[in-house]
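Each residue of the sequence shown is one higher than the one before, counting from 2 in the working numbering. Cβ coordinates follow ideal geometry from the N, Cα and C atoms, glycine included. None of the values given here were measured: they were computed from a predicted structure. Encoded as C-alpha cells, the structure appears first; notes follow it.
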Amino acid sequence: MRTRTTTALTAAALLATLTACGTTPDEVTPAAGPTSLTEEQRASAQAAAGVPDKPDEATIAAFTKALDAIDPRIVDGKTDKAISRGLNQCSSIKSSPDDREKLVDLALGRFTIDTRLPELNTPETGGKINDAVHKNLCPNF
C-alpha cells in the first residue's frame with residue numbers, strides 16, 4: 002500500500018512539474034546563432050581536432066576488411082559507425098602518438114569492445130584496432 006501511494010505521489014509531482022513549465026516543444030525558441038555549420042566550418046573544425054576527411058570507398062573497404070580480419074563482429078554490418086569511430090581514433094592518434102597504452106584503451110572503448118565483446122577486450126585486440134585505424138584512415142599522423 003505504501004509503495005503504491007509513494008509511486009502515485011511521485012508521478013503526480015512529476016506531472017505537476019512538467020505541466021507547470023507551460024511550454025510545449027512547438028513553443029520553444031532555438032538559441033541564437035547558427036543552427037548548422039557550413040561545410041567549410043565543419044572541415045576546419047575537423048582539421049583542428051585532427052579528424053581526417055571521410056575516406057573514399059577503397060579506403061573504407063580496406064579498413065573494414067582489416068577490422069573484419071581481427072573479428073567480424075567489430076564492424077557487424079555497421080560500416081558508418083566503424084568509420085566514424087576510426088576517424089575519432091585518428092584524433093587521439095594525432096594528439097597522443099607516443100602513448101600506445103592510452104591509444105589501445107581508447108580503441109577498445111571507442112569501438113565498444115569493452116562492453117559489446119568483452120571476450121575480445123584485450124590489449125592485443127586494442128592494438129590491432131589502433132593499427133588498422135592508423136594504417137588505413139590516418140597514415141600521416
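To the nearest whole angstrom, what separates the beta carbons of residue i and residue j, a pair I think is in contact under 8 Å?
i      : j     : result
Leu109 : Ile94 : So it is not a contact: roughly 14 Å between Cβ atoms.
Ala83  : Thr65 : 6 Å
Leu118 : Gly87 : Going by Cβ atoms, the distance from Leu118 to Gly87 rounds to 16 Å, so no, they are not a contact pair.
With DSSP as the reference, label residue i as helix, strand or coil.
i      : result
Thr39  : coil
Pro119 : helix
Asp77  : coil
Lys129 : helix
Gly23  : The predicted position of Gly23 is uncertain, since its pLDDT is 44 and thus under 50; no value can be drawn from it.
Cys91  : helix
Pro56  : coil
Asp106 : helix
Pro140 : coil
Stretch-stretch touch, CB-based, cutoff 8 Å, three pairs: the segment 50–60 with the segment 72–83:
no
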